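Asker: Going by this note's numbering, the sequence shown opens with residue 74, and the numbers climb by one from there.
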Amino acid sequence: MATFKLDVVTAERVVYSDDVDMVVAPGVEGQLGILPHHAPLMTMLQPGELLVKKGTEESCIAITGGYLEVRPDRVVVLADAAERAEDIDVCRAEEAMKRAQQRLKERPTGLDATRAEAALRRAFIRLQTVEKAKQRRARLHRK
Ligand code: ATP
Numbered sequence: 074m075a076t077f078k079l080d081v082v083t084a085e086r087v088v089y090s091d092d093v094d095m096v097v098a099p100g101v102e103g104q105l106g107i108l109p110h111h112a113p114l115m116t117m118l119q120p121g122e123l124l125v126k127k128g129t130e131e132s133c134i135a136i137t138g139g140y141l142e143v144r145p146d147r148v149v150v151l152a153d154a155a156e157r158a159e160d161i162d163v164c165r166a167e168e169a170m171k172r173a174q175q176r177l178k179e180r181p182t183g184l185d186a187t188r189a190e191a192a193l194r195r196a197f198i199r200l201q202t203v204e205k206a207k208q209r210r211a212r213l214h215r216k
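Below, the structure written as C-alpha cells:
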C-alpha cells in the first residue's frame, strides 16, 4: 500500500517523523483527510487533534495551531506546540485548565481574556487528545 512521509515539527523539536498511510488534521475550515498523492496544499490548523494512521497503528497528537503543507515528497505540520497523546502530562493540563477557568471566572483587572481563553482551549485539547487516544485503544482491543 502507498504511504507518504509525515513530519510534525515545532520550533523546538521533531514530534513525529515516519512513513504513514493517512493523516486527519484539524484544518481551520474543518477536518482535513490526507492520503498518499494528495495535491499540494498549504493551510492553517486550528487547535485540535491530529490523527495518524500507519498500518494497524493509530497515533493521536495534540496540536495547538500551526500550518500544514502537502509537498510532492512529504507532508509537513509546523505546529505552535504539539504533543503525542502518551507524552501529555494530564495533571499539568488539568492545572492549566483550572488556572484559566479561575481567571475567566474572577475577571481580575487587566485580565487578557483572549489569552486566558486560548490557554483554556490548549488545555482542553490536550485532555481531549488523551481521552480519545484511550477510547481508540479500547476499541482496537475489542476488535
Ligand atoms: P502550561 O500553562 O502548563 O505551560 P501552556 O498551554 O501555556 O501550558 P504551551 O505554551 O502551549 O503551554 O507549551 C509550552 C511547552 O510545554 C510546549 O513545548 C508544549 O508542548 C509543552 N506542554 C504544555 N502543556 C503540556 C502538557 N500538559 N503535557 C506535555 N507537554 C506540555
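C-beta: ideal position from N, C-alpha, C; glycine also.
No experiment lies behind these values; they were computed from the predicted model shown.
Helix, strand or coil, according to DSSP, for ILE198 in the structure here?
Answerer: It is helical.
Asker: Is ARG195 near the ligand ATP, judged by its Cβ being under 6 Å from some heavy atom?
Answerer: ARG195 Cβ: within cutoff of the ligand ATP.
Asker: Compute the Euclidean distance between the alpha carbons of GLU156 and THR182, then round it to the nearest angstrom.
Answerer: Distance between the alpha carbons of GLU156 and THR182: 33 Å.
Asker: Roughly how many angstroms separate the alpha carbons of VAL150 and LEU79, rounded to a whole number?
Answerer: Looking at the two C-alpha atoms, the distance is approximately 8 Å.
Asker: At a cut-off of 6 Å, would you count ASP185 as near the ligand ATP, judging by its Cβ distance to the nearest heavy atom?
Answerer: Flag unset: Cβ of ASP185 not near the ligand ATP.
Asker: Suppose only complete runs of 4+ residues qualify. What are the alpha helix (DSSP H) ranges in the stretch 106-148, listed by chain order?
Answerer: Here no run is fully enclosed.
Asker: Relative to the C-alpha of VAL93, which residue among PRO109, GLU102, VAL101, VAL203 is closest?
Answerer: That would be PRO109, whose Cα lies nearest to the Cα of VAL93.
Asker: Please report the distance separating the alpha-carbon of ALA186 from that of ILE198.
Answerer: Roughly 18 Å separates the two Cα atoms.
Asker: Do you know offhand how far ALA214's Cα is from ALA192's?
Answerer: Inspection of the sequence shows that residue 214 is occupied by His rather than by Ala. Going from the Cα of HIS214 to the Cα of ALA192 covers about 34 Å.
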